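Chains as they are written, first to last, in numbering that gives the first Met the number 0: chain Y, 0 to 322; chain L, 0 to 88. All residues carry an ideal CB built from backbone N, CA and C; glycine is no exception. The structure presented is a predicted model; accordingly, all values stated were derived computationally and were not measured. Since the structure comes first, as structure tokens, the remarks are kept for the end.
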Amino acid sequence: MEVAADIPSYVKCRKVCKAKLSANRCFKFRKLLKKVSEEELFSKGHRACSGCGAALALRLALKAAGKNVIVVQPTGCMEVVSTPYPETSWKVPYIHVAFENAAAVASGVEAALKALGKKDRVKVLAIGGDGGTVDIGFQALSGMLERGHDVVYICYDNEAYMNTGVQRSGSTPLGAATTTSPAGKVSFGEDRPKKDMPRIVAAHNIPYVATASVAFPLDYMEKVRKALEVKGPAYIHVLAPCPPGWGYDSAKTIELARLAVDTGMWILYEIENGKERITYKPTVKKPVEEYLRAQKRFRHLSKDIIQRIQEEIDKRWKEIFES
Amino acid sequence: MFKALRLEEIYEKMVSSEEYKTGGWRTFKPVFDKEKCIDCGSCWIYCPENSIIKKGKADYDVDLEFCKGCGICANECPTEAIKMVLEEK
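Here it is as structure tokens:
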């Protein structure tokens, strides 16, 4: 895959900066951050746990999208924390729908805007969790992509059903302990690998697919902006660590999200009109053990399972970065 | 008895979630050292509660009514200008 050269991101700063400063000290990062909108469309006072990665993903997405959007959300963590009646955290029009049909409702909203002749001014943003996207909402999403509605779908991926108390989802990675894939004498946790959702979506041949991480805010916001500009469906899959579900100190949310990218567990790329490019290549590839050991859900893993995970990452790394 | 609600009645009650102060969740609070601040904006961009206030050049503060004390700002600050201290109420 080709490595992107023109994305102005935090990522690129790290490459340019030869003074061995940490990334956020880089002059370019600071300069680009100054351009980020100061308007907050996701209000304070939402009930997300402290250190929630998904809440940050929403905040950044709305910063990038601006106020001319209609948000459609299925059931999930972010719906529950942002709309406890009679309060709302949204400063943009918002619809909450059932778990399985966010994409179908977003299609309807888009069709209505089209009929009213307001489609050029207003964009539709569907934001679902990994359960509502990868498992339950999958057929509605697939239908929306296939019909070619001009909707941006963002999936914040915290790798299990966190809202109901950490049950496994299709997005749960190999070896993770959840309440429905517990670790013990007979089981090492989740026994199936993570569903590669961005690839499945890309197979629908839609104009824009990207993966992102909350640790790379500029890269993520740039991708949201690009997705909104594209005519036709666009999909962004953003990794959002969850302190209570993954089992780590709430201060480490960004550190872990960055570590996921640096170890190769999560790869940042975008597919624009069939052309793939990597938006960030880690300068040093860290061993996956560092990422796994930092979380309670992986703490039980034995050496050979870690070896298995490392081998799978190495294979993928080779396919993507060295081909 | 069952009473039908009119839509207007439902909308009248709607308020922003800013009415609910989440500051009470906090155990540790961030304390800023302006001398060390290099104005990178990391604390501001990474705050999930958007409770970091930009006051001016290299001058950030926290909205203690909403800060949940997660510590992301202190962890991400490249110059360690933010420290989490135990809050005594």
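Please return the same chain residues whose Cβ sits closer than 6 Å to the Cβ of residue i, not counting the five positions on each side in sequence.
i      : result
Y/K285 : D261 and T262
Y/P92  : I69
Y/V80  : H45, R46 and A47
Y/K314 : none
Y/A175 : G188, E189 and R296
Y/A233 : V151, Y207 and A226
L/K35  : T78 and A80
L/V30  : K82 and V84
So with CB distances below 8 Å, who are the chain L contacts of residue i?
i      : result
Y/H253 : Residue identity differs from the one stated: residue 253 of chain Y is Ile in this sequence, not His. Y45, I71, N74 and E75, listed in chain order.
Y/A216 : Per the sequence presented here, residue 216 of chain Y reads as Pro, with Ala not at that position. Per Cβ cutoff of 8 Å: I44 and Y45.
Y/G50  : P47, K67, C69, G70 and I71
Y/L61  : Ordered by position in chain L, no residue passes the 8 Å Cβ test against Y/L61, which lies about 10 Å from the chain.
So residue i packs on residue j, CB below 8 Å; how close in whole Å?
i      : j      : result
Y/C154 : Y/D129 : 6 Å
Y/K43  : L/F65  : 4 Å
L/A37  : L/A57  : Looking at the sequence itself, residue 37 of chain L is Ile, so the reference to Ala does not match. Contact flag correct, Cβ pair sits at about 7 Å.
L/I44  : Y/L32  : 6 Å
L/C46  : L/C76  : That pair is no contact at about 12 Å.
L/T26  : L/E86  : 7 Å
Y/V287 : Y/I312 : 6 Å
L/C69  : Y/S170 : Contact doesn't hold; Cβ gap of about 23 Å is too wide.
Y/L267 : Y/F215 : 7 Å
Y/E39  : L/Y19  : Not a contact, Cβ separation roughly 16 Å.
Given that residue i touches chain Y, what residues does it touch there, using C-beta distances under 7 Å?
i     : result
L/Y19 : G44 and E86
Could you give the DSSP three-state label for residue i: helix, strand or coil?
i      : result
Y/R323 : Here chain Y covers residues 0 to 322 and nothing more, so residue 323 of chain Y does not appear.
L/D32  : coil
Y/G263 : coil
Y/D195 : coil
Y/K314 : helix
Y/S180 : strand
L/R5   : coil
Y/S21  : Interpretation of Y/S21 is limited by its pLDDT of 49, a score under 50 that renders its predicted location unreliable; no figure is taken from the coordinates.
Y/V237 : strand
Among residues of its own chain, excluding the 5 on either side of residue i, which ones have a beta-carbon nearer than 7 Å to its beta-carbon?
i      : result
L/L63  : G22 and K28
Y/L140 : A102, T132 and Y152
Y/L227 : A64, K122 and V151
L/M0   : none
Please compile the residues from chain Y whose C-beta is within a distance smaller than 9 Å of the C-beta of residue i.
i     : result
L/K12 : Y84 and P85
L/K53 : E37
Which residues of chain L have a Cβ atom closer than 9 Å to the Cβ of residue i, listed in chain order?
i      : result
Y/R224 : Simply none; closest approach about 15 Å.
Y/A259 : The contacting residues do not exist; Y/A259 stays about 16 Å from chain L at best.
Y/R58  : C46, P47, E48 and N49
Which same chain residues end up closer than 8 Å to residue i when comparing Cβ atoms and leaving out the 5 residues on each side of it in sequence?
i      : result
Y/D190 : L173 and S180
Y/F41  : A54, L57, R58, L61, S81, S88, W89 and K90
Y/Q166 : A159, Y160, T177, T178 and T179
Using a C-beta to C-beta distance shorter than 7 Å, which residues of chain L count as neighbours of residue i?
i      : result
Y/A54  : P47
Y/S249 : C69 and G70
Y/A159 : None at all; the shortest Cβ gap to chain L is about 19 Å.
Stretch pair the segment 44–60 of chain Y + the segment 91–111 of chain Y: three plus CB contacts closer than 8 Å
Between the segment 44–60 of chain Y and the segment 91–111 of chain Y, the count of Cβ pairs shorter than 8 Å is below three; the stretches do not touch.
Contact between the segment 143–151 of chain Y and the segment 248–262 of chain Y is defined here as three or more beta-carbon pairs at a separation below 8 Å; is this criterion met?
They do not touch, by the three-pair rule.
Evaluate contact between the segment 263–277 of chain Y and the segment 179–192 of chain Y, counting only Cβ atoms and requiring at least three cross-stretch pairs below 8 Å.
Touching, no.
Inspect the CB distances between the segment 151–168 of chain Y and the segment 120–129 of chain Y and report whether three or more fall short of 8 Å.
Yes: at least three Cβ pairs fall under 8 Å.
Should the segment 219–229 of chain Y be called in touch with the segment 183–201 of chain Y, which here means at least 3 C-beta pairs below 8 Å?
The segment 219–229 of chain Y is not in contact with the segment 183–201 of chain Y.
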